[in-house]
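First up is the structure itself, then whatever we jot down about it.
Protein chains: 2
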Amino acid sequence: MDYREFEEKLGHRFHNKKYLITALTHSSYANEAKGKEESNERLEFLGDSVLGFVVADYLFKNYTQFPEGDLTKNRAALVCEKACCGFAKQIDLGNYLRLSHGEQNSGGRTRSSILADAFEAVIAAIYLDAGMEEARKFILRFVLPMLKAHKPKAFKDYKTALQEIIQQNPEEHLEYVLTGESGPDHDKHFTVEVHLNSNVIGKGGGRSKKEAEQQAAREALELMGY
Amino acid sequence: MDYREFEEKLGHRFHNKKYLITALTHSSYANEAKGKEESNERLEFLGDSVLGFVVADYLFKNYTQFPEGDLTKNRAALVCEKACCGFAKQIDLGNYLRLSHGEQNSGGRTRSSILADAFEAVIAAIYLDAGMEEARKFILRFVLPMLKAHKPKAFKDYKTALQEIIQQNPEEHLEYVLTGESGPDHDKHFTVEVHLNSNVIGKGGGRSKKEAEQQAAREALELMGY
């Protein structure tokens, strides 16, 4: 296997090739070797946490206006199997995997779960070989273009979205009306209606007025087909 | 609020006190302050990933015989709400929280979810203030004693456990018998029986013989009341 070629695609030359080889070893191959080869499963465990941390850190520091819920959603989209499989394909990871014959013949080189897991294992391999900063650089090489392409949105901010739609017509008037408030101080529940001129176009509830308004705006957007 | 006292419990003196104060600010307090105070929710998001990474890294490097499944289970036990709440109590975190009056009056200072979230936020505060190595030191101060007390086991190894029980009586003989094998190469399924002398005491199935044997041993242990 020409690991040199793959290292060039990774942009990282391994001091300890064992990390790289293990990262590329699927459990089907390790099983066939009956304990003589280690599979990439432990590396995948570690790589998953390195990826989660690097992406959380990046989002936290660069999307300072995002509330926690939006950070969580955006991170989930960047570290999921689909995303990792896409990253793996960018470096032709499938070509370099060590698979059992059976797995190879049944399309293992293009199977999403195998590619995503191996991508995480490669992250761990780089982290173990060269430290967190190298791993971070490697991860951001894939994550940044995806962030650029998708322009992560503060998912939650339905009020702003609704406002932007409505104000295209200056005669329309949007208003949020508090219709209920219940529960003790520490466990309040608010209900809110959003009115367009004098029509109710959405209702929402939540633990704060702000949350209830967001929910109402969300319902309005849904009703309007957004 | 005497943050100096709390910093002593943390073992970290903050360069930027804002991180510490935000980590201690519950959303109920921030909501009451109507946007003038930031809650600890974003920090909790970041702290959760720092904690997950540090624990994964530690387990990976110190439990080199553990397969991925055991690493995952042990990590889950160390980063769960129950564990984090326990860590928070060790540093009297509840006493230093900024809560709304309502939350305070309804026992917020001892509520498990509030304490666990704030503990994760404190981790992020230390990470942002002083870097990963400080955060790692802080986390391991809580995690290591817990690992020592619980002696994490390779949960999966039922065969070893069964063997140790059986060999207490040298006349007993344990044997694993392959009873079935089906499916194409890449998706095989094996079934195994474990025999004690000539009695079947457990049956198991899995994608490899080893896995099927483990499952059979597990069933035997359960039948024997372990």
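Keeping their order, the protein sequence lines are chains G and V. Here full-length UniProt numbering is used: position 97 in the first sequence is 97, and no number is missing along the way. Here full-length UniProt numbering is used: position 198 in the second sequence is 198, and no number is missing along the way. A virtual CB, placed ideally from N, CA and C, is assigned to each residue, including glycine.
Closer than 7 Å: residue i CB and nearest the ligand SAM heavy atom
i, result
"V143 of chain G", "Of ligands this structure carries none, so the ligand SAM is not represented either."
Secondary structure of residue i, DSSP reduced to three states
i, result
"T64 of chain G", "coil"
"G86 of chain G", "helix"
"N31 of chain G", "helix"
"S182 of chain V", "strand"
"Y127 of chain G", "helix"
"E175 of chain V", "strand"
"G94 of chain G", "helix"
"L24 of chain V", "coil"
"G11 of chain G", "coil"
"N199 of chain V", "strand"
"G102 of chain V", "helix"
"G204 of chain V", "strand"
"E193 of chain G", "strand"
"D157 of chain V", "coil"
"P145 of chain G", "helix"
"E38 of chain V", "coil"
"M224 of chain G", "coil"
"Q167 of chain G", "coil"
"K210 of chain V", "helix"
"N74 of chain V", "helix"
"M132 of chain V", "helix"
"A47 of chain G", "For the sequence presented, residue 47 of chain G should be read as Gly rather than Ala. Reduced to three states, the DSSP call for G47 of chain G is helix."
"D57 of chain G", "helix"
"R111 of chain G", "coil"
"K137 of chain G", "helix"
"K18 of chain V", "helix"
"D187 of chain G", "helix"
"D2 of chain G", "coil"
Residues of its chain near residue i, where Cβ-Cβ distance is below 6 Å and the 5 sequence neighbours each way are ignored
i, result
"E44 of chain G", "D117, E120, A121"
"residue 227 of chain V", "Because chain V here runs from 1 to 226, residue 227 of chain V falls outside it and cannot be looked at."
"F87 of chain V", "F119, F142"
"G108 of chain V", "L99, I114"
"S39 of chain G", "T25, S27, A30"
"V200 of chain G", "E193"
"N16 of chain G", "D129"
"F138 of chain V", "I126"
"T179 of chain V", "T191, E193"
Close beta carbons around residue i, own chain, < 8 Å, minus the five adjacent residues each side
i, result
"V79 of chain V", "D48, L51, G52, V55"
"L140 of chain V", "V54, Y58"
"E172 of chain G", "I166, L196, N197"
"residue 230 of chain G", "Past the boundaries of the shown model lies residue 230 of chain G; chain G is included only from 1 to 226, so the question cannot be answered."
"E81 of chain G", "S112, S113, A116"
Whole-number beta carbon distance between residue j and residue i, since they are thought to touch under 8 Å
i, j, result
"H195 of chain V", "E175 of chain V", "5 Å"
"F14 of chain G", "Q90 of chain G", "No, F14 of chain G and Q90 of chain G are not in contact; Cβ-Cβ is about 19 Å, not under 8 Å."
"A83 of chain V", "Y158 of chain V", "Going by Cβ atoms, the distance from A83 of chain V to Y158 of chain V rounds to 25 Å, so no, they are not a contact pair."
"N169 of chain G", "H186 of chain V", "Not confirmed; about 59 Å, so no contact."
"M132 of chain V", "M132 of chain G", "7 Å"
Residue from the options whose Cα sits closest to the Cα of residue i
i, options, result
"K61 of chain V", "G:H101, G:Y127, G:D185", "G:Y127"
"E8 of chain V", "V:L147, V:E219, V:L93, V:A124", "V:L93"
"S113 of chain V", "V:K36, V:Q214, V:A220, V:E41", "V:E41"
"M224 of chain G", "G:Q163, G:G131, G:A135, G:T179", "G:Q163"
"L147 of chain G", "G:L221, G:A76, G:Y226", "G:A76"
"Q214 of chain G", "G:Y96, G:R111, G:E193", "G:E193"
"A161 of chain V", "V:G206, V:L221, V:L24", "V:L221"
"L46 of chain G", "V:G69, V:L144, V:N169", "V:G69"
"residue 227 of chain V", "V:G204, V:D187, V:A125, V:K151", "A question about residue 227 of chain V goes unanswered here, because the residues of chain V that appear run from 1 up to 226."
"K188 of chain V", "V:G205, V:N199, V:N105", "V:G205"
"E5 of chain V", "V:Y96, V:Y226, V:V200", "V:Y96"
"V177 of chain V", "V:A212, V:G183, V:R207", "V:A212"
"Y19 of chain V", "V:A130, V:R111, V:P67", "V:A130"
"G183 of chain V", "G:K34, G:I21, G:K17, G:E103", "G:E103"
"C85 of chain G", "G:F66, G:Q65, G:T110, G:P67", "G:T110"
"E219 of chain V", "V:G202, V:L144, V:F66", "V:G202"
"A135 of chain G", "G:P145, G:L144, G:I123", "G:I123"
Sequence-distant residues of its chain with Cβ nearer than 7 Å to residue i (five each side left out)
i, result
"E32 of chain V", "S100"
"H150 of chain V", "none"
"Y3 of chain V", "K17, L20"
"E37 of chain G", "T25, Y29, A30"
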